[in-house]
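Working notes for the structure below.
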Amino acid sequence: MKKVLAALVMIAVAAVGAFSYLQITSNNPPELESARIYDQARPISPFVLEGTGGSDVENQALLGQWTLMFTGYTYCPDICPTTMAQLKSRWADIDGATDLPVQVWMISVDPKRDDIERVGMYIDFFGEGFFGVRAEHKELYPFVRDIGLMYSLPDEGETDYLVNHSSAIILVDPNGEQQAIFRPSHELGALATVNPNQLVNDFQKIARYLERANSY
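As structure tokens, this is what we get:
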């Protein structure tokens, strides 16, 4: 009888230990390839931007869904269309990584040439789930800086120019807060864009981890 009780105690202790281990490991941030989860969620200051959906967008437009944000512009010759095409090519996997809706925001950083009609025509090429936003420089720059990205415009008076801007992608959670950044790869002879395969893998892990931790 004592042997049976001892065995039962050992089984119970092992079960508790295994449960505790699973709880600890499940609460640890996942190992990621190109993304970095922030130590704490970063709120986004109140904003109002023009949106390609036909009306202005504010912080409320981020609630209840995951949002991938990056800077670009319609005259961009390389990084912007490549990033958009890569996201489009893996859209089924990105959208299927979570039960919650997912959207992509291209934030135009060319206020002089990119009016909302032009941004809308550009975005329409990529289909459902893709949206464009813009604003004048005075409103746009604080918003872009607030989400940890940057851009720089040429001197006044130039008409044929390139805009320097970040190529990283910011992940915003269903509470409208920044949770992670997907960093571009820097390979010799290749564009500095976020690897789409790594983005898909990392987003699946991040969404699973944060949805379990926060119950969105």
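Residue numbers (full-length UniProt numbering): 1 to 216.
Ideal Cβ placement from N, Cα and C applies to all residues, glycine included.
Every value quoted in this text rests on a predicted model; they were computed, and no experiment measured them.
| query | result |
| --- | --- |
| With C-beta atoms as the reference, is P29 less than 7 Å away from I37? | yes |
| With T52 and G129 assumed to form a contact (beta carbons below 8 Å), what rounded beta-carbon distance in angstroms separates them? | No, T52 and G129 are not in contact; Cβ-Cβ is about 12 Å, not under 8 Å. |
| When DSSP builds the beta bridges, which residues end up paired with R36? | I181 |
| Taking Y161 as the reference, which of V104, Y73 and D93 has the closest Cα? | Y73 |
| The beta strand (DSSP E) with M84 in it runs from where to where? | Here M84 belongs to no beta strand (DSSP E); instead the alpha helix (DSSP H) covers I79 to S89. |
| Closer than 6 Å by C-beta to E139: which residues in its own chain qualify, once you throw out the five before and the five after it? Chain order, please. | none |
| Using only CA atoms, which one of S215, K205, Y216 and A213 lies nearest to G96? | K205 |
| Which residues does DSSP pair with P43 in a beta bridge? | E177 |
| Applying the 10 Å Cβ sphere with the 16-neighbour rule, what's the burial state of A92? | exposed |
| Can you tell me whether R145 is buried or exposed, with buried defined as 16 or more other CB within 10 angstroms of its CB? | exposed |
| Skipping 5 residues on each side, what residues in its chain have a beta carbon closer than 7 Å to that of L62? | V172 and G176 |
| How about P174 and G64: do their beta carbons lie closer than 7 Å? | yes |
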